[in-house]
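Step one of this worksheet: look at the structure below.
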Amino acid sequence: PDGRSASERLLSEVESEWAAADDDADAQRIQAWMRRPETIETARAWLEEVGCDPRAGRLLLGLVYMAREAARLFCDSSEDKSMAREAKRFHKRLLAALKTGEADDFPEDLRRARRFHAAWLADDFP
């Protein structure tokens, strides 16, 4: 696409989306960014580079969104609090892996976040 690696593109996009102003219009813009085929493909390409299932690209982007919009998305239930903490933890681990290029532990981070997400979904949508 632009000569940058998937890691460089994903880091740049995640950081720029995270830095956007915190209002409803930006939340909608970020949702549109997450759904763009190019964004999903960048996430999938990076996941594949680091030994993760590339089909988790949408989950990765969804967790970034959950971390950014935690105050809007989650209520005070213990399940929501737990998911919000995990999304924020995952976001930090993702940024660390993207910035340092050290992603050996990232497959386990993704598995953990996937388990939290699946449990949270099961609780919200039995």
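Position one of the sequence shown corresponds to residue 2 (the working numbering), numbered consecutively onward. Just so it is clear, CB atoms sit at the ideal spot from N, CA and C, and this is done for glycine as well. Computed from a predicted model, the values in this text were never measured in an experiment.
Counting other Cβ atoms within 10 Å of its Cβ, residue 52 stays below 16 and is therefore classed as exposed.
The C-beta separation of residue 48 from residue 63 comes to about 13 Å, leaving the pair out of contact by the 8 Å criterion. Between residue 114 and residue 87, the C-beta gap is smaller than 9 Å, which places the two residues in contact. When secondary structure is reduced to three states using DSSP, residue 13 falls in the helix class. Under the DSSP assignment, residue 51 falls outside any alpha helix (DSSP H); it carries neither an H nor an E label. The region 59-78 and the region 91-109 touch, with three or more beta-carbon pairs separated by less than 8 Å.
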